[in-house]
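Residues in the sequence shown are numbered consecutively from 1, following my numbering. All residues carry an ideal CB built from backbone N, CA and C; glycine is no exception. One structure is given below, encoded as structure tokens.
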Amino acid sequence: MLLVLQLLNLLEGEGEADDTTPDQFTFVDQTAVAVETEITSAAITVSGIDAASAITVSGGTYDINGSGTFTSDAGTVNNSDTVRARHTSSASYLTATNTIVTIGGVSDTFTSTTRAEPAGEAGGVGAPTRMGGMMIFG
């Protein structure tokens, strides 16, 4: 009789824990971004869960389902939700900024790397510009 009850519970899904660990997700990193600029990742889609799962972020913010409301607070996501990460790029050239998003214990890092310093900007002196017959140094 006990075996029959256990089998019925399995068939009805009782006794099984909710799966809140998503499939691995991967943010697409961005390179050659402008310095000191708000950078938003492409969206990832949460998959592989059958109950709400915790989401946290470090080094930036996130939004869910393209809401445009970015937060650094912990929250929850559901299967098929989309998530974007956002941060401000470095003030230095050729420098990476990282934002780590964790969903149900699975993490990925969104990285943006700033562009190379433009020619003529080294040391704060701009490249000469020809204006009329004169050379202007800035």
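CB-CB length for S41 against F110, believed under 8 Å: 5 Å
Exposed unless 16 or more other CB atoms sit within 10 angstroms - verdict on I136: Reliability of the predicted coordinates at I136 is poor, the pLDDT of 49 falling under 50, and the value obtained from them is presented with this limitation in mind. Per the 10 Å Cβ criterion, exposed.
Own chain, CB closer than 6 Å to S107, minus 5 neighbours either side, in chain order: I100
Whether T61 touches T71 by CB criterion (8 Å): yes
Opening and closing residue of the beta strand (DSSP E) in which N98 lies: A96 to I103
First through last residue of the beta strand (DSSP E) which encompasses D63: T61 to I64
C-alpha distance - F27 paired with A43, whole-angstrom precision: 7 Å
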